[in-house]
Each structure stands twice: as C-alpha cells, then as structure tokens.
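Visitor: Below you will find the structure I want to go over with you.
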Amino acid sequence: MAMLDVRDVSVRFGGIVALDGLSFTIDEGQICGLIGPNGAGKTTMFNVISRIYQATSGRVSFRDTDLLQVPAHGIAKLGIARTFQNLALFPTMTLLENVMVGAHSTGSAGFIRSTLRIGTARAERAVRDDAGDLLRSLHLDHLAFHPAAGLPFGTLKRLEIARALAARPTFLLMDEPASGLTHSEVDELSETIMRIRDEFKLAVLLVEHHMAMVMGISDRVVAMEFGRKIAEGAPAAVQSDERVIAAYLGTTT
Amino acid sequence: MPFHIRESSPLHWVLRIISVSALAALAVYIASDSAPSTLGKITEACTLAIAAVSLNLLLGFNGQISLGHSTFVGLAAFTAGYSVNAWHWNPWVSLGVACLVCFVLGLILGLPALRLKGPYLALVTLAVAFVWPTVARKFLDQTVKASTLKGMRLRPPTWTGLSNNRTDRALFLFWLAIVLLVVTYVIVRNIRKSRIGRSLVAVRDNETAAAVMGVNLAITKTVTFGISAALAGVAGWLAAAQLATLDENSFTILSSIKYLLALFLGGAATLAGPVVGAFSYFFADDLLKTNATKWDFLPGPLSKGPVASFLLGVLVIVFVFIAPYGLVGFIKLQARRVAVVIPRPLRAAPLATESTEHISPAVAGEI
Ligand SMILES: Nc1ncnc2c1ncn2[C@@H]1O[C@H](COP(=O)(O)OP(=O)(O)OP(=O)(O)O)[C@@H](O)[C@H]1O
Ligand SMILES: [Mg+2]
C-alpha cells in the first residue's frame, strides 16, 4: 500500500479552482517530484497535506490515517514535516532555537511542567544537542546563536530543512528548496536531499522549478497544470511527455 | 575586545550569585532604613512591575496585545477586598481565588483573541477595560451599597516578629511585594526558557509555521492569556492589600496604559524589561510629581501639576526613539562592549573533527 494516497482532491477559492480532482500516490522512502508551471496548484497541495487549507472534496490518507480529519498541529506527530516556498521562520529566534521549535512535536512538557521545571532538564538538553547536530549536518553550526532575521536567503532555506528534520519526520515536503540558490548551491542541495533521505529514511515530496535537479534526484515525477495531473512516471518519461512540454513551453530550465 | 564569559562556567555563576545577592542586600538595606511612605511607594512599584511582567508574557512573548489588563487587576482586587470583608475569608485563600477568577476570565477573553489580531484585539480588550468601571460601580451600588469597597488589612503573621502597627505593616507589605514579584518573575522566566516558551514566541513570530511544527494554536494562545491574567491578578490582590479603599476608578484604562508604558520603557520580550521599566516609570513619575508643583515655566493649563504628566509623556516618547528595545535592550547593548556571555557550545561532532568555537559578537545570552 502507498504511504500517501491523494485521491480526487479539489480546492476552490471562490471562483478559482486551485486543485481539480488531483490524485497521486507516494511510496515509503521515495523521492517524488511535483512539477508544473506557476499557479498549477503545487503549494496548494502542500497546504492541503499540512492541513493549512481545507480540501473542498477528495481524500488524503497517510498510512491508514485519514489526514483530512487531523488538525494542523497534529500533522507533525504523524511524521510529516515541510519547508515553505517563501520562508516561514521565526525571525527573532536564533537558528538553534528555530530548530528546537522544529522538535516541538517530539516533546511533552506542557504549561505546568514548564512553569515548575519538573523533569524537563534532560529532554531540553537532548533537544538542544539534536538541534546542534542538525545545524552541523546542514553546515549552519557556526551561526547557531545568531538570530534568523537578516541572514541570506540560501542560508535560511537550509535552516528550514534543519528545522523540518528536527521533528524526526518520515515524510518531508519541500517547496522549491532550490529557488534563489546559485548553481553550485543547487548541486550541493541535491546531494543534501539524497543524503538526508538515506540517513533519516525519508520519503520526499519535492516541488521544484529547477528541472535538472528534479529529474536528477526524483524516483518518480508528477506533473500538473491548472490543478490537474497531466503526467506521471519516471523522470525521463515525464520530461518527454508532450503535454508537459506544452505546459512548460519555453519555460523549461 | 569584550571580555568573554562562558555560559554556566564558574565565573558566570559567581557573577550571577553576586548580582542576586546585591539586589537582596539592596532590599534589606531599604527595608531597614526607610520610612513607611517610602516602603509604600516601593510596594506600589512592585505592583506595577507584577502587572507589567504579566503583560510581557502575553504581549512580549506571545504577541497578543491586551489593553484590558487593568480589568484583571481590578477584578482580583475586588475579589480579594470583597471576600475578605464580606465573607471573612482568609486573605491568602483570596489570593488563590482571585488568581483563579482572573485565569478563567483570561481564558474566556482568549477565545475571541484566537480570531482577532493586532488592532482588532486591542479594540476588544479596550472595550473590556472601558466596561469594567461601570460593572464595578453597579457592584458597589447594589452589593455593598457604598461608593467604595474596603481593602484587605493584612496582619503580619506572628512568625515574622512584626506587630500590627503602621510601620510594621508597611514593612511586611514591602517584603510580601518583593516575594510576589520574584515569584511572578520566576514563573515567566521558567515558561520562557522551556519548550512551551519557545512555542509562545514561535506563535508570535509565525503562526502557520508554529502550527506545522505541532503547536496547538488555540490552546497555546488561550492558556497564555489565562496565565497572564492570573499573574495580573497577583498585582490586583497586592493592591487590595495596600489600598485602604477600592473603587471603580482605581483600575481604569489608564492603568492598562501604564502597564504598557512600563513594559515598553523597560523592554518588551526581555525578562528583566518589565521590572526595570516599572520601577523607572514609577519613580520618574513620582519624582516629577513631587517637584512639578514648584514649576510654572509652562503656560496656563500645563503649568504646575499637569506638567509632570506632560514631561513624563515626552520623556517616554523620546526614550522610545533613543532606545527602541527599552532600557534593558540599551543596557545590554552597552554591556556587550565590556563583556559577552558565550552560549554553551553545541554538542561536539561525533567523529572528533575540528571543533570550532562559535562566537558571534551580535549575540550574547543574558547574565
Ligand atoms: N489562499 C488563497 N486564496 C486564493 N487563491 C489562492 C490561494 N492560494 C492559492 N491560490 C490560487 O491557487 C492557484 C494555485 O496556487 P499555488 O500557489 O498552489 O501554485 P503553485 O503551483 O505553487 O505556483 P508557484 O510555482 O508559482 O509557486 C493560483 O491561481 C493561486 O492564485
Ligand atoms: Mg508554490
């Protein structure tokens, strides 16, 4: 059985149909590319999975769980983490604290225990240590005590990945992680994604306009346009699909 | 080149112990050498500080504005004054009950706050602050059938060795105020430095991202509102212990503004900010008021008495321009030139690769 099963999902905003009966599946451990021109509905699909947008119709199941019944704050506990297209960091916090917030779903100390500081020391130390390891693994450790605000875009994109990994996810959604990166940074990012996939045994849903990158690392690619799926399959097959070429006409990089 | 102090190193601990002891020694000195009226003023400043600390938890750390904190303070004062005088409750029990009542009202006010942001939340809480005096008036007319409610008269417990005269009562209230301020401060500090504290700030900085990280927005925001209200209740109870009479004009929107001013003057979202701000505000206000009666250099309605409020207003505005992060932010910035606290290093890399020291001059922890 597939890990994620998106079935006939539609999302409407007033008159706009952002998703129109979209269906696809992802298996455990797979890197699945999700491509499509601007406005195709890729970010909307992310927001449906992370329960920020309400699906108008359709079903999403994740390992026997009906995802559309889970509140937004319950997603992380199921093992789903994501990064954001336009950065959604905590700017006043240090990089270390940002990553520590990423581990929120793994902790348990509530208001009472936090106020009284009963039995929280060990968990706090573990969260801090793990966050430090993650920063190091994404080459951000030298900035651990620096606030997130004002750092370069590429650095913050990596911070988003570190923060997402702090939740110990098994399914990671990445929304255009390569945007704004230089050529060499993109190559490094590809390696990073493959590395963390193996290290954390992740399945990855990757939205990216950088075709060389998507085609290079995806096991499977889903192409969409106007909220509908137009092609699906191995990278090479999708890349040479007529409808995909037509949708991207001249915009392929 | 500033001096480097490692977080939690022996030197850091020594410095911490010295600063706490110095503050304690200062309190002991003041207590031993001050007139009851001075002790009363410090007690009042502590009350203001407790209210500002409670507002800091809500506004500074969680980003929810409240102009209604005067209502929580007033509600707690009325609860304490009434239960002690009419029902002869033990004042210490009334402290717990007053905080509980405020906690519940805070939770309830936190519900509309879930859907409202910034100016809209300010408006709703402003409305609460405006309605409170009317409600209090009705309560006085119908229940007490008097224009005021008596405050509590706390009798110093025998173990303190203090008697029940004016001087000893002032001394007792002074120490009580200090203890309550310390407790309130420690509660907010513990929350801020915990998993929950990080989630509060995360919600303030980016709600959507916080939710994706697993933070329950509804619970976090309403419970924070409740705790902040309960801590404001501590200030109200203390006011009821100090004031001889309570009436509806003791806790108006002006008090809420005062809490906000104290908070921003000291530095919102810093731990010490509201305390430093409250004391600075209170004593600047006091100094200006006692001296302003002699001043007549401003024309007409602004001369003498009112000039104090006017000058204080100007001072606060000027100050916000020179030190946008408040007094504490300003002091930290200056202190950084002298000494920097280096945060505890990250866990060393597993395969002893080169371990670099992570020093970023822009960031220093709190002493
Ligand atoms: N909150 C919203 N309210 C109204 N319309 C929205 C909202 N979010 C997305 N849309 C619309 O839905 C459509 C799909 O947008 P979406 O952001 O999912 O596209 P995308 O594939 O991520 O594009 P891009 O590659 O530019 O990021 C667009 O027409 C967009 O304007
Ligand atoms: Mg998008």
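Here the protein sequences come in this chain order: A and B.
Each number in my numbering comes from the position in the first sequence (counting from 1) with 15 added on.
Each number in my numbering comes from the position in the second sequence (counting from 1) with 23 added on.
We put the CB at the ideal spot given by N, CA and C, even for glycine.
Predicted model only: the values in this text are computed from it and were never measured.
(1) Could you compute how far the alpha carbon of T71(A) sits from the alpha carbon of V63(A)?
(2) With distance defined between alpha-carbon atoms, name the residue in F95(B), P347(B), R359(B) and Y143(B) nearest to W260(B).
(3) When DSSP labels each residue in this structure, what does T379(B) get in the three-state scheme?
(4) Compute the Euclidean distance between the alpha carbons of A118(A) and E206(A), then round it to the nearest angstrom.
(5) Just the C-alpha distance for Y348(B) and G289(B), rounded to the nearest angstrom, thanks.
(6) Run through the DSSP bridge pairs and tell me what S72(A) is partnered with.
(7) Can you have a look at Y143(B) and say buried or exposed, based on whether 16 or more other CB atoms are within 10 angstroms of its CB?
(8) Name the chain A residues whose beta carbon is nearer than 9 Å to that of R178(B)?
(9) Output needed for I201(B): all residues of its chain with C-beta closer than 7 Å, excluding positions within five of it in sequence on either side, in chain order.
(10) Go ahead and pull the three-state DSSP assignment for A387(B).
(11) In chain A, which residues lie less than 8 Å from N85(B) when you measure between Cβ atoms?
(12) What residues in the region 85-103 of chain A bring their beta carbon closer than 8 Å to a beta carbon of chain B?
(13) Distance, Cα to Cα, F5(A) vs L196(B)?
(14) I'd like to know whether the C-beta of V364(B) is nearer than 8 Å to at least one C-beta of chain A.
(15) Report whether the distance from the Cβ of T58(A) to the nearest heavy atom of ligand 1 is below 7 Å.
(16) Assign D81(A) to one of two classes, buried (16 or more other C-beta atoms within 10 Å of its C-beta) or exposed (fewer than that).
(17) Are there three or more Cβ pairs, one per stretch, closer than 8 Å when the region 85-101 of chain B is compared with the region 250-257 of chain B?
(18) Would L223(B) pass as a contact of T207(B) if the rule is Cβ separation under 8 Å?
(19) Quick one: is T293(B) near chain A, going by C-beta distance under 8 Å?
(20) Excluding the five sequence neighbours on either side, which residues of its own chain have a C-beta within less than 6 Å of the C-beta of K92(A), listed in chain order?
(21) Check the Cβ of T130(A) against every Cβ in chain B and list those closer than 7 Å, keeping chain order.
(22) Starting from the Cα of D190(A), find the closest Cα among T135(A), V85(A), G51(A) and R97(A) and give me that residue.
(23) Considering only C-alpha positions, which residue in the set L196(A), G51(A) and V21(A) is nearest to G73(A)?
(24) Can you confirm whether the region 347-365 of chain B touches the region 145-152 of chain A when touching is taken to mean that 3 or more C-beta pairs between the two stretches lie within less than 8 Å?
(25) Which of the three DSSP states is assigned to H161(A) in this structure?
(26) Quick check on the burial criterion: 16 or more other C-beta atoms within 10 angstroms. Buried or exposed for M16(A)?
(27) So, is the C-beta of P184(A) closer than 8 Å to a C-beta in chain B?
Guide: Judging by the given coordinates:
(1) 10 Å
(2) F95(B)
(3) Confidence is the limiting factor: at T379(B) the pLDDT is only 46, short of 50, which leaves the residue's position unreliable, though a coordinate-based value still follows. Shown here, T379(B) sits in coil according to DSSP, grouped into three states, outside any helix or strand.
(4) Pairing A118(A) with E206(A), the inter-Cα distance amounts to about 24 Å.
(5) 8 Å
(6) S25(A)
(7) Answer is exposed; the Cβ neighbour count stays below 16.
(8) Simply none; closest approach about 30 Å.
(9) A50 and C69
(10) Note that A387(B) scores a pLDDT of 41, beneath 50, so its modelled location is shaky and nothing firm can be said.
(11) What N85(B) touches in chain A: nothing, since even the nearest Cβ is about 12 Å away.
(12) P86, A87, H88, G89, I90, A91, K92, A96, R97, F99 and A103
(13) The displayed coordinates of chain A run from 16 to 268. Any statement about residue 5(A) would go beyond what the structure contains.
(14) no
(15) yes
(16) exposed
(17) yes
(18) no
(19) no
(20) S120
(21) I210, N213 and I214
(22) R97(A)
(23) V21(A)
(24) Judged by Cβ distances under 8 Å, the region 145-152 of chain A makes no contact with the region 347-365 of chain B, as fewer than three pairs qualify.
(25) coil
(26) exposed
(27) no
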